[in-house]
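Count along the sequence shown from 1, then add 1149; that gives the number in the numbering used here.
Scroll down for the structure; my scribbles are underneath it.
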Amino acid sequence: MKNLGLIFDLDGTLIDSGPDLVTAVNLTLTELGLPPLASGDVSRYLGHGPGRLIRDVMGPGYEALAERAFPIFNRHYTEHLVEGTLVYDGVRAALDHWRMSAFMGVVTNKEQSWTDELLRQLELAKYFAPVLGYGALPEHKPAPGPLHACARKWGLPPRSCVMIGDSEVDIHAGRAAGMWTCGVTWGNRSAAQIEALDPDFVIHDPLDLIGLFDTVIATIEQA
């Protein structure tokens, strides 16, 4: 019987999609006659969904240009979706470990169609149900709605679930949902930034997921 639910963010947690996102952003900027950005200047804005990404990249005062930019970005990202994107080393081993003993889902602020296609092409779709991308529900992270939807599907209380992600959006969502929170440091935020969010757990390697949740399981079983 499965008594643990693991909810994963996508970008910066399961996959490194940075190269393709940077490509799409810079192709968009070039098409608009603007200079390209360094990879780090794009990555620091990831986690809030594509609309927010474009608005943040454009900066304050450029809202009208951001509205023009979004369909251009949409086209370029769709064309380059899985060219440089990779599954982080150790992720598949961790997912294989938990597949039979825990429910696993994905909650991301990436558009649903992109999320589904990435999971399909990277052969990760088989691990997760549900998969909730941006637009799947009225709420998105950091609101707790999608996380609660996972728990309901699994028939678990929130405190039997863990939100795992690489940004403040994930930790805030998990905390708002009343779930355990796990920050990962291999994604789009530094270890110091993750630790400053004070999640219940901090891990530095995907393989750490294999042994991490014994404490959670023991607590659940004692409840």
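Backbone N, C-alpha and C define an ideal beta-carbon position, used for all residues, glycine too.
{"Item": "Note the first and the last residue of the continuous alpha helix (DSSP H) segment covering Val1280.", "Value": "That residue, Val1280, is in no alpha helix (DSSP H); its beta strand (DSSP E) goes Val1280 to Tyr1283."}
{"Item": "Would you identify the three-state DSSP class for Lys1302, choosing helix, strand or coil?", "Value": "helix"}
{"Item": "Going by C-alpha distance, which of Pro1295, Asp1354 and Glu1344 is nearest Ile1156?", "Value": "Pro1295"}
{"Item": "Between Tyr1226 and Leu1153, is the Cβ-Cβ spacing less than 8 Å?", "Value": "no"}
{"Item": "Taking C-beta to C-beta, are Trp1335 and Val1311 nearer than 8 Å?", "Value": "no"}
{"Item": "I'd like to check one pair, Gly1233 with Pro1185: are the Cβ atoms closer than 8 Å?", "Value": "no"}
{"Item": "Mind reading off the beta-carbon distance from Ile1343 to Thr1162? Whole number of angstroms is fine, and I expect it under 8 Å.", "Value": "About 11 Å; that fails the 8 Å criterion."}
{"Item": "Closest by CA to Glu1317, which one among Glu1370, Asn1258, Asp1238 and Ser1262?", "Value": "Asn1258"}
{"Item": "Cα-Cα, which of Leu1230, Ser1192 and Thr1177 is closest to Phe1219?", "Value": "Thr1177"}
{"Item": "Work out the CA separation of Tyr1283 and Ala1187 for me, nearest whole Å.", "Value": "26 Å"}
{"Item": "So Pro1355 packs on Val1240, CB below 8 Å; how close in whole Å?", "Value": "5 Å"}
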